[in-house]
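First comes the structure, then the notes that go with it.
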Amino acid sequence: MGLHQRAHVDLFLSQYMKPRAECVICSAENAPSTSRGYIPSAPALRLRQDPLDGPGNVWALKEPCVQKGKGVTVLAGLSRILTAYETHRPAGQGRDCVAQKYIERPLLVPRPSGPAKCDLRVWVLVLDWNPLTAFVHPEVYFRVATLPYELDSMAPNAHKTNCRDAENRTPMKVLFEQLGSAAEERWRSYTWPRQVD
Numbered sequence: 002m003g004l005h006q007r008a009h010v011d012l013f014l015s016q017y018m019k020p021r022a023e024c025v026i027c028s029a030e031n032a033p034s035t036s037r038g039y040i041p042s043a044p045a046l047r048l049r050q051d052p053l054d055g056p057g058n059v060w061a062l063k064e065p066c067v068q069k070g071k072g073v074t075v076l077a078g079l080s081r082i083l084t085a086y087e088t089h090r091p092a093g094q095g096r097d098c099v100a101q102k103y104i105e106r107p108l109l110v111p112r113p114s115g116p117a118k119c120d121l122r123v124w125v126l127v128l129d130w131n132p133l134t135a136f137v138h139p140e141v142y143f144r145v146a147t148l149p150y151e152l153d154s155m156a157p158n159a160h161k162t163n164c165r166d167a168e169n170r171t172p173m174k175v176l177f178e179q180l181g182s183a184a185e186e187r188w189r190s191y192t193w194p195r196q197v198d
C-alpha cells in the first residue's frame, strides 16, 4: 500500500474510531487495571444520534458468538448493565460482551396490534472514499417486530426485529393482509427514500 493510500486509510480509521455510543465491557481478566471496563463519558455519547435518544438511558447488552437475536438484553442504567453482565458470565470464565446504546425512539410501522419497531436492510459496496464511489443494491428489505413497541416492555419480540428467529417472523405478505392493500404501496422499497427524508 502506497503512502497516499495509507493516508486515506488512516484518515478513514481516525473518523470511524471516534468515540460513539457503543463500547465493550471487558471481563475482569481483560479489563484495564484502573476499571472494570470502558464506558464512554456522557459528552462522548452526544453525537448526531441525539434525536433518537430518549430519557431512559437504555442500553442493549449483547453476548458474543450468538445469532438470531438471542443473547440480547435491553436494560436501563449502568448498575443494571453491570449486574446483567456478571449474571450472564459462565462461572469462573472471562467473557466479553458489547453494550450498545439503544435507540429509544425507533422507526415504528403500523400494525393492527399497535405500532411495531422495524429496521431496514440495505447493502452498500463502497469502492473509494475520495471521491466517494459506492453501489447500493436496489432491493431494501424490512424486518418488523411481532409485538407492539413499548420501551418499558420486557417482551423480547417487542424490541428485536430479527426475522430469522421463527417466533419473530412477520412475512411482508402477512403484513399487507393485516394493513390492507391501500398501505401496500408505502412498503415498496422505491417509496421509502421519500418517506424517510
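Residue numbers (the working numbering): 2 to 198. Every residue gets a Cβ at the ideal spot worked out from N, C-alpha and C, and that includes glycine.
Beta carbon of residue i nearer than 9 Å to that of residue j
i: A61; j: H160; result: yes
i: L76; j: V99; result: no
i: Y142; j: R122; result: yes
i: V127; j: A135; result: yes
i: L148; j: G57; result: no
i: Q179; j: R112; result: yes
i: E64; j: G70; result: no
Run of the beta strand (DSSP E) containing residue i, from where it starts to where it stops
i: A100; result: C98 to K102
Beta-ladder partner(s) of residue i, from DSSP
i: R112; result: Note: R112 sits in no beta bridge, so no partner.
i: D120; result: R144
i: V59; result: A77
i: D129; result: T134
Closest by C-alpha distance to residue i, when choosing among the options
i: I104; options: P113, D120 and S114; result: D120
i: Q101; options: T74, E87, L109 and S154; result: T74
i: A117; options: L108, Y86 and V125; result: L108
Extent of the continuous alpha helix (DSSP H) to which residue i belongs
i: N158; result: P157 to H160
Any non-hydrogen atom of the ligand NAD closer than 8 Å to residue i Cβ
i: C119; result: As presented, the structure is devoid of all ligands, the ligand NAD included, so that no description of it is given.
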